[in-house]
Amino acid sequence: LDLTFCKNLTDKSIEAIAANCKQLQHLNLGYCNQLTDKSIDAIAANCKQLQHLDLSSWEKLTDKSIEAIATNCKQLQHLDLGYCKKLTHKS
Numbered sequence: 018l019d020l021t022f023c024k025n026l027t028d029k030s031i032e033a034i035a036a037n038c039k040q041l042q043h044l045n046l047g048y049c050n051q052l053t054d055k056s057i058d059a060i061a062a063n064c065k066q067l068q069h070l071d072l073s074s075w076e077k078l079t080d081k082s083i084e085a086i087a088t089n090c091k092q093l094q095h096l097d098l099g100y101c102k103k104l105t106h107k108s
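Be aware that the sequence shown starts at 18, since it is given in the numbering used here, and climbs by one per residue.
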């Protein structure tokens, strides 16, 4: 599912997608600047088959989201976090 540059996409929309597309393997949310950690919580909780996730250029993505992805998305092979400015180097 490629939703790149959907700048008006909301957390509520992503929560609905995650709840109804549990077999989703590829998700591109690059440049979806309105989304927050709530979206990632929903994706991590529901999309256990996810292999490819692009979150590049998210303005609101935090370390909390990365922890949720690492904990829950065990099938993940590719994760793009380019230009996510709020991420830190803390472990």
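The C-beta atom is built at its ideal place from N, Cα and C for all residues, glycine as well.
- In this structure L44 is not in contact with L78, their Cβ atoms being roughly 14 angstroms apart against a cut-off of 8 angstroms.
- CA-CA distance, S74 to L20, rounds to 13 angstroms.
- Taking 8 angstroms as the cut-off, the beta carbon of D80 is found no closer than this to the beta carbon of G47.
- In the three-state reduction of the DSSP assignment, N45 falls in the strand class.
- Checking the DSSP bridge columns, you'll see H95 partnered with H69.
- Rounded to whole angstroms, the gap between the alpha carbons of I83 and C23 is 21 angstroms.
- Take L104, set aside five residues on each side of it, and the residues of its chain with a beta-carbon closer than 8 angstroms to its own are L78, T79, D80, I83, L98, in chain order.
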